[in-house]
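Student: Below is a structure I'd like to ask you about.
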Amino acid sequence: MDVEAFRKNGKELIDIVADYWESLDNNKWEKPLPDIKPGFLQSLIPEEAPEEPESWQQIFADIEPVVLNGNTHWHHPNFFAYFSTACSYAGVMGDILSSGIASIGFTWKSSPSMTELEMVMTDWLAKAIGLPHQFWNSDSGPGVGMIQSTASDATLVALLAARARAVKKLNSQNTQLGQWEKFLKTPFIKALGHQLSEVGVSLRSNLPKFNGMINGGQKKVEQTTKNPIGEVSIFEAHDSAYFDRLVAYCSDQAHSSVDKGIMLIGEDRSNGLIPFILIITVGTTNTCAVESIRELGPVCEREGIWVHVDAAYAGSFLLCEEFAYLADGVEFADSFNFNAHKAMMINFDCSPMWFKNGAESISYFNVDPAYLKHEYQAVASDYRHLQIALGRRFRSLKIWFVLRAIGIKEIKQYLRKAIELAKLFAELLLNETNGYISSFELFVPPHLGLVCFRLKGSNELNEALLAALNTDGRIHLVASKTHGTYFLRFAICSSKTTEKHVHNAVELIKEIAEKISICY
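Per the working numbering, residue 169 is the first one in the sequence shown, and the count goes up by one each step.
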């Protein structure tokens, strides 16, 4: 393909994408889920790749039968599952430019504009959502903002950085493991209802594996690297001698009680474990519950426990002044992340992350072979030191495009619309006018764009309701289970969803629930 063919076919592909988005409004796709079974694609494409090139017209002709007909339409107005994956034309255009430039930004020199635009965009976002200046790239301190791929990546990076800090502290204060009993008796806390989650349990056995994956064994890297946030000593952070005693805490759902927290970690302390990080969730996936940073943060700071705040879904709503309270106390966090691709009209993948002290992370992730060195590394930021992967995409372009082409004001309107639609759904579901007594109940009050509800009755009844709804297929929901109770989640996901779609969804849910209830 030459450049002229690229111009022609590229424009045609843009038309295909635009037509697809338009089709979500005109009922071409009646249902958000395709009516297919696993393996559907095998009969639609050849078993082997072609030896000779095919025309773009042939390729474009296959997009609908192969891709679109087998696609789950996340932006369908009747898609209410999971959480939103916000998208916009401006975001798509940012990704087009990123792919077209096709650079890999592992150092400042490998892509100066990629590095510096990311620094500015994470500052724009930090200011917009109310993060303190200590997290800004432009601040004189060691704060750093960057963009990870997902909240999972951000949380793993925070875990490894926190582990490095804990190991360095242990090594600086003690030379023998047996001398740590005094340290282990320090009163660490975590929130009410916090039990060592599956994440924490796996860390006990797998942290040594992480170490081997990253830089192996008890080898000490004795090296000093200069970077724009200060001189960072790289040694002992990879010492695995303590790894089997380190424990991370997070919650399955968000509650807070210092007294109960101390009781719950007593067993771990008595067994010689070393708490090193508390992961505070602002907007859990199950119910969008929120932990109190203000309550937990000060104690963790006093006790030297790293605080990571994961605001994957709820973080976007911090743009709205009325939801600033969700991050109250964020100044006590050591790291913070949210998924801009969930509710901020920025398409996947885009998970901004901030460190109050980037040097503590660089001390673990530093990668500095000779072929990556450059003459500006003493004064320029190299983001490879703050992530698992070496290479990185030009993700800041879509933030830049969205914030400029759409603006924060319109994004706020989009977020508030989602909240109002969620409230409307809850009101309609529980409506008891005209002698009707609702057979539904809310598992928790609606929060942001999520409503958790269930039929009054058994878990089996609600499982049957979800199965019947998804078999019908006109709307798509998923369920969850917390503390033994099964419930359905109704999330406002699509920018195309209107009050009419919510009314129709409630009518359908009630209609199917009535049929299901007869059998139970």
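Note that CB positions come from ideal geometry on N, CA and C, so glycine has one too.
(1) With distance defined between alpha-carbon atoms, name the residue in S266, I574, A573, G617 nearest to S564.
(2) Which residue comes first and which comes last in the alpha helix (DSSP H) that contains W568?
(3) So, at 6 Å on beta carbons, what are the nonlocal neighbours of H615 in its own chain, with the 5 sequence-adjacent residues on each side left out?
(4) By the three-class DSSP mapping on this structure, what secondary structure does D263 have?
(5) Taking the alpha-carbon of A416 as reference, which of A334, Y493, S484, E463 has the nearest alpha-carbon?
(6) Where does F274 fall in DSSP's three states?
(7) Would you tell me roughly how many angstroms separate the C-alpha atoms of W474 and A501, rounded to the nearest one?
(8) For V498, which three-state DSSP category applies?
(9) For K664, I'd like the list of residues in its chain whose CB is within less than 8 Å of its CB, leaving aside the five on either flank, ordered along the chain.
(10) Check whether the Cβ atoms of H509 and A254 sit closer than 8 Å, and answer yes or no.
(11) Can you tell which of H644, T653, R642, G617 has its C-alpha closest to the C-alpha of N630?
(12) Do V477 and V450 count as a contact pair if the criterion is CB distance below 8 Å?
(13) Of all the beta strand (DSSP E) runs that stay within the bounds of the region 627-655, which reach a length of 3 or more residues?
(14) Who are the near neighbours of L209 in its chain, counting only those whose CB is closer than 7 Å to its CB and skipping five residues on each side?
(15) Could you pull out every unbroken alpha helix (DSSP H) segment of at least 4 residues lying fully inside the region 593-622, listed in chain order?
(16) Start and end of the alpha helix (DSSP H) containing G178?
(17) Going by the beta-carbon positions, is the gap between I264 and I231 smaller than 8 Å?
(18) Let me check understanding here. Comparing Cα to Cα, which of S529, G625, K678 lies closest to N599?
(19) Using 8 Å as the threshold, is the C-beta distance between I272 and S278 below it?
(20) Measuring straight from C-alpha to C-alpha, what distance separates E595 and E609?
(21) Taking all protein chains shown into account, do 16 or more other C-beta atoms lie within 10 angstroms of the C-beta of N195, making it buried, or fewer, making it exposed?
(22) Have a look at I461 and R175 and give me their C-alpha separation to the nearest angstrom.
(23) How would you call A644, buried or exposed, if buried means at least 16 neighbouring beta carbons within 10 angstroms?
(24) Considering only C-alpha positions, which residue in the set R413, L293, A635 is nearest to P443?
(25) Going by alpha carbons, who is nearest to A586 out of F562, S484, D550, F504?
(26) Once the 5 residues before and after Y582 are set aside, which same chain residues still bring their CB inside 7 Å of it?
(27) Please determine if the region 487-505 and the region 294-308 are in contact, where contact requires at least 3 C-beta pairs separated by less than 8 Å.
(28) Name the residue from N177, H241, A258 whose alpha carbon lies nearest to the alpha carbon of R763.
(29) Exposed or buried, what is I448 when buried is set at 16 or more other beta-carbons lying within 10 Å of its beta-carbon?
(30) Where does D517 sit, in a helix, a strand or coil, going by DSSP?
(31) Smallest Cα separation from A659: which of A647, H651, K668?
(32) Using 8 Å for Cβ pairs, my map puts F274 next to R470. What's the rounded Cβ distance?
(33) Looking at P520: is its Cβ nearer than 8 Å to the Cβ of G313?
(34) Name the DSSP bridge partner or partners of P443?
(35) Taking the alpha-carbon of I123 as reference, which of Q225, M261, L212 has the nearest alpha-carbon?
Tutor: On the basis of the data shown:
(1) The residue given as residue 564 occupies position 396 in the sequence shown. The shortest Cα separation from S564 among S266, I574, A573, G617 belongs to S266.
(2) Residue mapping note: residue 568 aligns to position 400 of the sequence shown, counting from 1. Run containing W568: 564-573, per the alpha helix (DSSP H) assignment.
(3) The residue given as residue 615 occupies position 447 in the sequence shown. Within the same chain, H615 has close Cβ partners C456.
(4) In the sequence shown, residue 263 corresponds to position 95, counting from 1. Looking at D263 - three-state DSSP - the assignment turns out to be helix.
(5) On the sequence shown, position 248 is the one that residue 416 refers to. Of the candidates A334, Y493, S484, E463, the one whose C-alpha sits nearest the C-alpha of A416 is A334.
(6) Numbered from 1 along the sequence shown, position 106 holds the residue referred to as residue 274. F274 falls in the coil class under three-state DSSP.
(7) Position 306 of the sequence shown, counted from the first residue, corresponds to residue 474. Position 333 of the sequence shown, counted from the first residue, corresponds to residue 501. Their Cα atoms are separated by approximately 8 Å.
(8) As a working note, residue 498 is residue 330 in the sequence shown. DSSP places V498 in helix when its eight states are reduced to three.
(9) Indexing the sequence shown from 1 puts residue 664 at position 496. Answer for K664: L192, D193, H243, H244, P245, listed in chain order.
(10) If you number the sequence shown from 1, residue 509 lands on position 341. If you number the sequence shown from 1, residue 254 lands on position 86. Their beta carbons are under 8 Å apart, which means H509 touches A254 by this criterion.
(11) The residue you call residue 630 lines up with position 462 of the sequence shown. Minimum Cα distance to N630 is reached at T653.
(12) For the purposes of this step, residue 450 is taken as the residue at position 282 of the sequence shown. For the purposes of this step, residue 477 is taken as the residue at position 309 of the sequence shown. In this structure, V477 lies closer than 8 Å to V450 by Cβ.
(13) 646-650
(14) Counting from one through the sequence shown, the residue named residue 209 turns up at place 41. Excluding residues within five positions, the ones whose Cβ falls inside 7 Å are V234, G238.
(15) none
(16) What you label residue 178 is simply residue 10 of the sequence shown in a count that begins at 1. 171-191 is the extent of the alpha helix (DSSP H) around G178.
(17) Counting from one through the sequence shown, the residue named residue 264 turns up at place 96. Counting from one through the sequence shown, the residue named residue 231 turns up at place 63. No, the pair does not count as a contact, with Cβ atoms beyond the cut-off.
(18) As a first step, residue 599 is located in the sequence shown; it is residue number 431 there, counting from the start. Among S529, G625, K678, the Cα nearest to that of N599 belongs to K678.
(19) Taking the sequence shown and counting its residues from 1, the one referred to as residue 272 is at position 104. Taking the sequence shown and counting its residues from 1, the one referred to as residue 278 is at position 110. In this structure, S278 lies closer than 8 Å to I272 by Cβ.
(20) Counted from its first residue, the sequence shown places residue 595 at position 427. Counted from its first residue, the sequence shown places residue 609 at position 441. Taking the straight line from one Cα to the other gives about 11 Å.
(21) Position 27 of the sequence shown, counting from 1, holds the residue named residue 195. N195 comes out exposed.
(22) To locate residue 461, count along the sequence shown from 1; it is residue 293. To locate residue 175, count along the sequence shown from 1; it is residue 7. So the alpha carbons of these two residues sit roughly 51 Å apart.
(23) Position 476 of the sequence shown, counted from the first residue, corresponds to residue 644. At residue 644 the sequence reads His, which differs from the Ala that was named. Answer is buried; the Cβ neighbour count reaches 16.
(24) As a working mapping, residue 443 is identified with position 275 in the sequence shown. Closest option to P443, Cα to Cα, is R413.
(25) As a first step, residue 586 is located in the sequence shown; it is residue number 418 there, counting from the start. Of F562, S484, D550, F504, the residue nearest in Cα terms is S484.
(26) Locating residue 582 in the sequence shown gives position 414, where the first residue counts as 1. Excluding positions up to five away in sequence, the list reads M513, S663.
(27) yes
(28) Since the displayed the chain opens at 169 and closes at 688, residue 763 lies outside it and no answer follows.
(29) Sequence index remark: in the sequence shown, residue 448 carries index 280 (1-based). Buried, since its Cβ has 16 or more Cβ neighbours within 10 Å.
(30) For the purposes of this step, residue 517 is identified with residue 349 of the sequence shown, where counting begins at 1. Three-state result, D517: coil.
(31) As a first step, residue 659 is located in the sequence shown; it is residue number 491 there, counting from the start. Per the Cα distances, A647.
(32) If you number the sequence shown from 1, residue 274 lands on position 106. If you number the sequence shown from 1, residue 470 lands on position 302. Not really, about 38 Å apart at Cβ, beyond 8 Å.
(33) Looking up residue 520 in the sequence shown gives position 352. Looking up residue 313 in the sequence shown gives position 145. In this structure, G313 lies closer than 8 Å to P520 by Cβ.
(34) By one-based count along the sequence shown, residue 443 stands at place 275. The partner list for P443 (beta bridge, DSSP) reads V415.
(35) The shown model of the chain, from 169 to 688, leaves out residue 123, and the question about it has no answer.
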